[in-house]
Amino acid sequence: MKRLASVLSCFVLAGVAWTWGGSPLQQAPAKSGNLANPLEGNDRARRAGAKLYARECAACHGPNREGQGKAPALNRAEVHQAAPGALFWVLRNGSIYRGMPSFARLPEPQRWQIIAFLRDSSD
Amino acid sequence: MVYQKGTATTAGFLLLVASCWAGEGPFFITYTHQMEEPGNLEFATKNITGKPAGGNRFLGHATELEYGVTAWWTSELYLDGQVTGGQSTLFTGYRWENRFRVLPREHWINPVFYVEFENINGADKSLLEVVNHDTRDDLSAPNDDARHEKKREIEAKLILSSYFKGWTIAENFIAEKNVGHAPFEFGYAAGVSRPLALAARPERCNLCPENFQVGVELYGGLGTHDDFGPRGTSQYLAPTVAWTLANEVTFKVSPSFGLTGTSAGFLLRFGVSYEIDQFGRTVRSLLRQRGR
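Here the protein sequences line up with chains A and B, keeping their order. So the first sequence is numbered by the numbering used here: it starts at 1 and just counts up by one. So the second sequence is numbered by the numbering used here: it starts at 1 and just counts up by one.
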C-alpha cells in the first residue's frame, strides 16, 4: 500500500512539474522551432493578426500586449524573437493549468496571422 | 437611493465589460472539446419550434449561462421553458452541467468528460439531446399532463473531438439515468463543421466569409441498457449555420429532419449568443471597490 502511495505521489509530482515548469514558450518541444510561418512578412496577414489579437487575446494580455494580472506581456523581446513554430505550439496547446486556453479552434492560417502580429516589434 | 446606486453600478458594469468573440461552432446538440475561456461568461439562447403530428405547434426555449471556471473546467446553467399553441407557457426546469478537459495538450482526438444534473418536467421541449426511445409523441403530450412528470436525471457524456485543416469533427456518447427509477438510457450526437474561409481579413466586417461556419449534425437515441440499439428510436439530420457579426454577436440556425418514423418530421432550431469577456475578473474588482 505504501509503495502504491509512493508511486502515485511520484506521478502527481512529475505531472505538476511537467505542467508548471517554465513559461509556455519554454515548454514547446525543440522540433516545433523548425516550423516556419508561411505568412511571415505579409503585411495583410499582420494586420489581420492585429484584429484577431484584439478579439482573442487582448482581454487577458492587454490591448497593447502589455500584459495584465497573471497574463504575461507579449510586447517583449522573448516573444518578438521566439521561433514562429514555438509560438504556434503555444497557441495550439495553451497552458491550461496556468489559465491559458488552447486556441486550436482557430484555423491554422488565423493562428499564423496572430503570430505574424506578435513577432512584429514595430509598435 | 441605494437602489439607484445599484442600478447605476450595474449599468456601468455592463458598459465597461468587453465583449468577446463567442467563437463557438454552429452546433446545437454536439459538443466539441472547446472550453469556455477562463473568466468569460457566455449568454446564449437555444430555441426550437415544430409541429408534431397530432399536436400543436410549440416553441421550446433554453437560456444558457456558460462560465469558464478554469481553462479545463466549464460550468453551465440552463433555464428551460416552452410555449405550446392553444395550451400554456411553462417554465420547465433547470440543468447544471460541467465539462472537464481530460488531457492538457491537443491531440488527434481530444476527450472531454461531461456531467449534468437536470431537474425538469415532462413538458420540457428544449430537446438538448435525444436519448432512449424519445419519440414525436413526447412532443405532442398536453402540457397539463406532461408537466406533472418529474425528471431528475444525471447525464454523462464522453465528448471526443478533433480539429483538422479547418474542419471540426466531434462525436458525443450520452448515458442518462433518472435518479428515481428507469434504466440507463443512451444516445449520441456527431457533427462536422468548417468556416467558409480559414484566414481572417484585416478589415472589421460583418459579411467576411470567416464569420460564417457551416456544418451538419446527426443525433438520436440508442435505447436502454436492456434494449440497446437504434430500433424504434428518433434520429435527426440537421444542417446548421452560424454567423458572427463584427460586434461579436453570433446567430445560429439549423433545420432538423427526422429520419425515422418515430422522429418529428421537421424541427427548426435557432439561437443567439454573446460572450462577456473576463466577467469574473470584472465582478471581483467591482466587489473589491465596494468593499473599500
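By construction, the Cβ of each residue, glycine as well, lies at the ideal position given by its N, Cα and C atoms.
Whose CA, out of the options, lies closest to the CA of residue i?
i                : options                                : result
ARG231 (chain B) : B:ARG290, B:THR250, B:LEU222           : B:LEU222
LEU196 (chain B) : A:SER32, A:LEU91, A:TYR53, A:PRO109    : A:PRO109
LYS165 (chain B) : B:SER140, B:GLU149, B:ALA199, B:LEU158 : B:ALA199
VAL112 (chain B) : B:LEU267, B:THR30, B:SER254, B:THR244  : B:THR30
ARG98 (chain A)  : B:TYR94, B:VAL241, B:PRO104            : B:PRO104
SER162 (chain B) : A:GLN113, A:SER102, A:PHE117, A:ALA116 : A:SER102
PRO239 (chain B) : B:ARG136, B:GLY215, B:GLU37            : B:GLY215
LEU65 (chain B)  : B:TYR94, B:PRO52, B:ASN56              : B:TYR94
SER256 (chain B) : B:LYS51, B:GLY39, B:GLU203, B:THR45    : B:LYS51
LEU293 (chain B) : B:VAL69, B:GLY54, B:PHE58              : The displayed coordinates of chain B run from 1 to 292. Any statement about residue 293 (chain B) would go beyond what the structure contains.
ARG201 (chain B) : A:LEU87, A:ALA82, A:TYR53, A:GLY69     : A:TYR53
VAL131 (chain B) : B:SER88, B:LEU90, B:PHE91, B:LYS177    : B:LYS177
LEU109 (chain B) : B:PRO142, B:GLY280, B:ILE169, B:ASP124 : The sequence shown places Ile at residue 109 (chain B), rather than the Leu named in the question. Cα-wise, what sits closest to ILE109 (chain B) is B:ILE169.
LEU268 (chain B) : B:ARG281, B:LEU128, B:GLY39            : B:LEU128
GLN278 (chain B) : A:LEU35, A:SER23, A:LEU39, A:CYS57     : A:CYS57
HIS225 (chain B) : B:SER285, B:GLU185, B:ILE48            : B:GLU185
TYR67 (chain B)  : B:ARG292, B:ARG281, B:PHE228, B:LYS157 : B:ARG281
ASP144 (chain B) : B:LEU259, B:LEU90, B:LEU207, B:GLY187  : B:LEU90
PRO84 (chain A)  : A:GLN26, A:ILE96, A:ILE115, A:GLY41    : A:ILE115
LEU237 (chain B) : B:GLY86, B:PHE266, B:GLY229            : B:PHE266
THR244 (chain B) : A:ARG47, A:GLY49, A:ARG55, A:LEU25     : A:ARG55
LEU25 (chain A)  : A:GLN113, A:MET100, A:ASP120           : A:MET100
PHE311 (chain B) : B:GLU248, B:GLY220, B:SER140, B:ALA53  : Shown here, chain B extends from 1 to 292; a query on residue 311 (chain B) therefore has no answer.
I'd like to confirm something about residue i: is its beta-carbon nearer than 7 angstroms to some heavy atom of the ligand ATP, or not?
i                : result
PHE270 (chain B) : Although the ligand ATP was asked about, the structure shown includes no ligands whatsoever.
Count the other CB atoms within 10 Å of the CB of residue i; is the residue buried (16 or more) or exposed (fewer)?
i                : result
HIS33 (chain B)  : buried
HIS107 (chain B) : exposed
ALA179 (chain B) : One detail in the question is off: residue 179 (chain B) reads as Val in this sequence, not Ala. Its Cβ having fewer than 16 others within 10 Å, VAL179 (chain B) is exposed.
PHE28 (chain B)  : buried
GLU217 (chain B) : buried
THR88 (chain B)  : Looking at the sequence shown, residue 88 (chain B) is not Thr but Ser. Exposed, by the Cβ-count rule.
ILE154 (chain B) : exposed
ALA59 (chain A)  : buried
ASN37 (chain A)  : buried
ASP138 (chain B) : buried
LYS70 (chain A)  : exposed
PRO38 (chain B)  : buried
LEU207 (chain B) : exposed
HIS181 (chain B) : exposed
ARG284 (chain B) : exposed
ARG105 (chain A) : buried
LEU287 (chain B) : exposed
GLN81 (chain A)  : exposed
GLY85 (chain B)  : exposed
GLY229 (chain B) : exposed
ASN34 (chain A)  : exposed
SER23 (chain A)  : exposed
For residue i, collect the residues of the same chain with a Cβ closer than 6 angstroms to its Cβ; drop the 5 residues on either side in sequence, then sort them by chain order.
i                : result
ASN98 (chain B)  : SER75, VAL115
TRP96 (chain B)  : LEU77, PHE117
SER298 (chain B) : Chain B is shown only over 1 to 292; residue 298 (chain B) falls outside these bounds and no answer can be derived.
MET1 (chain B)   : Low confidence applies to MET1 (chain B): its pLDDT is 43, below 50, so where it sits in the model is not reliable, and the reading given next is rough at best. Cβ neighbours of MET1 (chain B) beyond the five flanking positions: none.
ARG152 (chain B) : ASN119, VAL179
GLY122 (chain B) : ALA146, GLU149
GLU171 (chain B) : LEU160, ALA190
THR135 (chain B) : SER234, THR262
TRP89 (chain A)  : ALA28, SER32
ARG204 (chain B) : ALA246
PRO107 (chain A) : none
GLY49 (chain A)  : GLN113, ILE114, ALA116, PHE117
For residue i, collect the residues of the same chain with a Cβ closer than 7 angstroms to its Cβ; drop the 5 residues on either side in sequence, then sort them by chain order.
i                : result
ASN75 (chain A)  : ASN64, ARG65, GLU66
ARG101 (chain B) : HIS33, MET35, TRP72, VAL112
VAL79 (chain A)  : LEU118
ARG290 (chain B) : none
PRO183 (chain B) : THR224, HIS225, ASP226
THR92 (chain B)  : ASP80, GLY81, GLN82, ILE120, ASN121, ALA123, ASP124
PHE173 (chain B) : LYS157, LEU158, TYR188
SER193 (chain B) : GLY25, PRO26, PHE27, THR168, GLN213, VAL214, GLY215
ASN42 (chain A)  : ALA116
ARG292 (chain B) : none
Might you give, ordered along the chain, the residues of its own chain that have their beta carbon closer than 8 angstroms to the beta carbon of residue i, omitting 5 neighbours on each side?
i                : result
VAL241 (chain B) : PRO26, PHE212, GLN213, VAL214, GLY215, LYS252, VAL253, SER254
PRO209 (chain B) : PRO195, LEU196, ALA197
- Task: Just list the beta strand (DSSP E) runs in the region 138–218 of chain B, keeping only unbroken ones of 3 residues or longer that don't cross its boundaries, in chain order.
- Result: 150–164, 167–178, 185–195
- Query: If you scan the region 69–103 of chain B from start to end, which runs of the beta strand (DSSP E) of 3 or more residues do you find wholly inside it?
  - Reply: 73–84, 89–101
- Identify each residue in the region 66–77 of chain B for which the Cβ-Cβ distance to at least one residue of chain A is less than 8 angstroms, and report them in chain order. GLY68, THR70, ALA71, TRP72
- Compile a chain-ordered list of the residues in the region 161–191 of chain B whose CB is closer than 7 angstroms to at least one CB of chain A. TYR163, GLY166
- Task: Using a Cβ-Cβ cut-off of less than 7 angstroms, list which residues of the region 77–102 of chain A approach chain B; keep chain order.
- Result: ARG92, ASN93, GLY94, ILE96, TYR97, GLY99, MET100, PRO101, SER102
- Message: Output needed in chain order: residues of the region 61–77 of chain A with a Cβ under 8 angstroms from some Cβ in chain B.
- Response: GLY69
- Residues in the region 97–111 of chain B with C-beta within 7 angstroms of chain A's C-beta atoms, listed in sequence order? ARG101, PRO104, ARG105, GLU106
- Length-filtered (4 minimum) alpha helix (DSSP H) runs lying within the region 50–89 of chain A: 58–61, 77–80
- Item | Near-chain A residues of the region 192–220 of chain B - C-beta to any C-beta below 9 angstroms | ARG194, PRO195, ALA197, LEU198, ALA199, ALA200, ARG201, PRO202, GLU203, ARG204, GLU210
- Near-chain A residues of the region 276–290 of chain B (beta-carbon distance less than 9 angstroms), N- to C-terminal order: ASP277, GLN278, ARG281
- Query: Which residues, taken in chain order from the region 28–56 of chain B, show a beta carbon closer than 9 angstroms to some beta carbon of chain A?
  - Reply: THR32, HIS33, GLN34, MET35, GLU36, GLU37, PRO38, GLY39, ASN40
- Chain-ordered residues of the region 22–51 of chain A with a beta carbon less than 7 angstroms from chain B: ARG44, ARG47, ALA48, LYS51
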